[in-house]
Amino acid sequence: MIKVDWRVHRRIGLTLGVLGALATATPGVAQTAATYGLKAGKPYAGTELKFLICCATAGQFAQMIKLTGEGSEFQKLTGITVKWENTPYEALQQKILVEATTGSTYDVVAWVDAWGAAFKNQLLPLNSRIAADKINMKDYPSAYIEASSDGNNIVGLPFRGHPLVLFYRKDVFNELKLKVPTTWQDVVKTAAVIQEKKPGMTGLSTMYGVSAGQNLFNWTSMLWGNGGDILDKAGRPVFNNPKGVQATQFYIDILRKNKVTNPAATTFAEPESSSELLQGRAAMWVGWWWYWARFSDPKAVTPAVLNNIGFAPAPGWAGGKTQNYALIWPLGIFKNSKNPDAAWEFVKYVTNTEVQKKVAANRSVPAEADNTIVTFSGMNDARVNAANGGIPKVGGQALRTARTLPQVRTWAEIQSVLEVGINQMATGANVKATLDRMARDVDAIQKRAGYYK
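Residue numbers (this note's numbering): 30 to 482.
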């Protein structure tokens, strides 16, 4: 669903061999096992864990590998060795499915939220462990908890998560005396003003290309904000009802009627769409908050853009509500793991707010800077916000009302239907007729999977 997150980071050319000085939970004070809620006495010393994950060059992961690898703080506190798998993103989902059903190679796994329903029954329930270690689950956004649960049990702890935010050119808004829009309708109006006053600049960068469901991010925000939904409680498609048609028509009209985005957006995925803002060709873009590190990197942006990017919570729907998609990678333990107790120590450590804060506040290696953090207390931490221009606190505001994608086994098939349909409408197909056809296709998928007859 979000492979571009990692592809873009790979393009930045992160170097894991560069050693950066990581901030500590309490500067100048040695940390103990108790600092992170770990067991004293190293009861699992000598254990080697295998962690199934991708994308070792993502900034957060690059720092976490240093914190848990050979000679790391985690190893010194626990005696546990952790081997991070670096599976290519494109192969990760299938590898997880194979391991969950037939394997016993890996102990810990990280997954994209919408994948989970297909294998959550092969993960250890964590409720009793969470209670015993007094982990405050109320510190996490509700959308993150939903995606980390199987309906009855929590099977993962939130690890890497992103809200959508509105990025905009501060200098352009100041010059034209524009207010930062809070609704999608105002975004379109503001984009039109910018294009009128600043010939050659696109008001809003968007993405309608078919690429791992990325053209659905903003669409779901509009759909939910307008009171629509993708599936109802029984799993039936409802995105083609009047609310869905209205929201979808609005999304398509940004390109076809209002013309406030690049005509090439029909082929854009996340890299191309974000690059419009990075390179100064667009004035606004709605995307994941982790892009803040790129927008503040002089090697990634044009001089006119550097230090001129502002941000705000993603827009809502006029007359409706603000509700966007919250992306989360939970971290769980396979039932087949031979080392579940040692694996739990690792899960606790890398998801611990103090560890996440030290990573999010660390900018000693610019290529590894990453504002990603998953607890509200971490998002509101003064030091984390000082290191990241205040975007963690703004992201926390967005996450208060954000949702997760449907947790159904069939999501991969449904996503394919939706993203192809969005692209077809963007390139000229009738909105209502296309949505109806998409709904019929999704209905067939759900019936075949046994969700209803």
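Glycine residues also receive a C-beta, built at the ideal position from the N, C-alpha and C atoms.
Note that the structure is predicted; figures quoted are calculated from it, not measured.
Excluding sequence positions up to five away, which residues of its chain have a Cβ less than 6 Å from the Cβ of residue i?
| i | result |
| --- | --- |
| asparagine 115 | Ala85 |
| lysine 32 | In this predicted model, lysine 32 has a pLDDT of only 36, less than 50, meaning its place in the structure is not dependable; the value taken from the coordinates is given anyway. Here the set comprises Tyr118, Ala241. |
| alanine 389 | Asn400, Ile402, Val413 |
| isoleucine 338 | Phe196, Phe324 |
| threonine 97 | Phe103, Val111 |
| alanine 69 | Ala62 |
| lysine 199 | Asn337, Gly339 |
For residue i, report the span of its beta strand (DSSP E) as first-last.
| i | result |
| --- | --- |
| phenylalanine 80 | 77-81 |
| threonine 483 | Look at the range of the chain in this structure, 30 to 482, and you will see that residue 483 is not part of it. |
Please report the straight-line C-alpha distance between residue i and residue j, rounded to a whole angstrom.
| i | j | result |
| --- | --- | --- |
| glutamate 204 | serine 133 | 60 Å |
| glycine 418 | leucine 284 | 32 Å |
| lysine 386 | serine 406 | 9 Å |
| leucine 152 | glycine 309 | 45 Å |
| aspartate 215 | lysine 288 | 15 Å |
| aspartate 470 | asparagine 452 | 16 Å |
| isoleucine 443 | glycine 108 | 44 Å |
| tyrosine 65 | glutamine 475 | 43 Å |
| lysine 226 | threonine 430 | 34 Å |
| aspartate 465 | tryptophan 321 | 38 Å |
| proline 266 | glycine 185 | 28 Å |
| proline 271 | aspartate 258 | 11 Å |
| asparagine 182 | leucine 67 | 22 Å |
| aspartate 326 | valine 209 | 23 Å |
| valine 274 | glutamate 374 | 48 Å |
| threonine 76 | serine 366 | 12 Å |
| lysine 71 | lysine 163 | 20 Å |
| valine 460 | leucine 447 | 12 Å |
| isoleucine 281 | leucine 207 | 24 Å |
| tryptophan 279 | alanine 441 | A small fix is needed here, since residue 279 is phenylalanine in this sequence, not tryptophan. Whole-angstrom Cα-Cα distance: 25 Å. |
| glutamate 383 | isoleucine 420 | 18 Å |
| threonine 351 | lysine 218 | 18 Å |
By the DSSP assignment, the alpha helix (DSSP H) with residue i in it spans what residues?
| i | result |
| --- | --- |
| proline 359 | Run containing proline 359: none in the alpha helix (DSSP H); it sits in the beta strand (DSSP E), 356-362. |
| tyrosine 135 | Looking at the DSSP string, tyrosine 135 is not in any alpha helix (DSSP H), and its letter there is neither H nor E. |
| methionine 454 | 440-455 |
| threonine 553 | Beyond the ends of the chain as shown, which are 30 and 482, falls residue 553; an answer cannot be given. |
| leucine 307 | 299-307 |
| tyrosine 280 | 271-285 |
| arginine 189 | Premise fails: arginine 189 lies in the beta strand (DSSP E), 186-191, not in any alpha helix (DSSP H). |
| tyrosine 480 | Premise fails: tyrosine 480 is in no alpha helix (DSSP H) and is neither H nor E. |
| glycine 407 | 405-408 |
| alanine 161 | 156-161 |
| glutamine 243 | Here glutamine 243 belongs to no alpha helix (DSSP H), and DSSP marks it neither H nor E. |
| phenylalanine 202 | 199-205 |
| alanine 91 | 88-97 |
| alanine 146 | Unbroken run through alanine 146: none, as it is neither H nor E. |
| aspartate 215 | 213-226 |
| isoleucine 183 | That residue, isoleucine 183, is in no alpha helix (DSSP H); it is neither H nor E in DSSP. |
| leucine 428 | 420-428 |
| leucine 106 | 102-107 |
| valine 413 | 411-416 |
| leucine 174 | It is isoleucine, not leucine, that sits at residue 174 in the sequence shown. 171-176 is the span of the alpha helix (DSSP H), which, as asked, contains isoleucine 174. |
Leaving out five residues before and five after residue i in sequence, what residues of the same chain have Cβ atoms less than 8 Å from its Cβ?
| i | result |
| --- | --- |
| glycine 316 | Leu193, Val194, Phe196, Phe246, Glu299, Ser302, Ser303 |
| leucine 307 | Arg323, Phe324, Ala329, Val330, Thr331, Val334 |
| aspartate 261 | Val267 |
| serine 101 | Lys95 |
| valine 449 | Val239 |
| lysine 422 | Met408, Asn409, Asn414 |
| alanine 371 | Tyr73, Thr76, Leu78, Thr107, Ile109, Asp136 |
Since I believe residue j is in contact with residue i (beta carbons under 8 Å), could you give me their beta-carbon distance rounded to a whole number of angstroms?
| i | j | result |
| --- | --- | --- |
| glycine 238 | threonine 295 | 7 Å |
| glycine 145 | proline 359 | 7 Å |
| glycine 232 | alanine 312 | 6 Å |
| leucine 434 | aspartate 142 | 6 Å |
| tyrosine 73 | alanine 263 | In fact, because the Cβ distance is near 44 Å, the residues do not count as touching under 8 Å. |
| glycine 254 | tryptophan 346 | 3 Å |
| methionine 467 | asparagine 269 | 7 Å |
| methionine 251 | phenylalanine 297 | Actually they are not in contact, since the Cβ atoms of methionine 251 and phenylalanine 297 sit about 17 Å apart, beyond 8 Å. |
| valine 376 | valine 137 | 6 Å |
| tryptophan 314 | glutamate 305 | 7 Å |
| serine 234 | threonine 290 | 6 Å |
| alanine 129 | phenylalanine 363 | 7 Å |
| methionine 93 | valine 379 | 6 Å |
| glycine 349 | glycine 256 | 6 Å |
Cutting at 7 Å between CB atoms, please list the residues of its own chain near residue i, excluding the five before and the five after it.
| i | result |
| --- | --- |
| arginine 438 | Ala146, Ala147, Ala478 |
| tryptophan 140 | Ile125, Trp358, Pro359 |
| alanine 427 | Pro192, Leu193, Val194, Pro342, Ala343, Asn353 |
| tyrosine 173 | Pro187, Gly190, Ala355, Ile357, Val403 |
| alanine 398 | Gly88, Ala322, Arg392 |
| cysteine 83 | Trp35, Asn115, Thr116, Pro117, Tyr118, Leu121 |
Review point. Quick one: complete beta strand (DSSP E) runs, 3+ long, within the segment 309-387?
Key: 313-317, 338-342, 356-362
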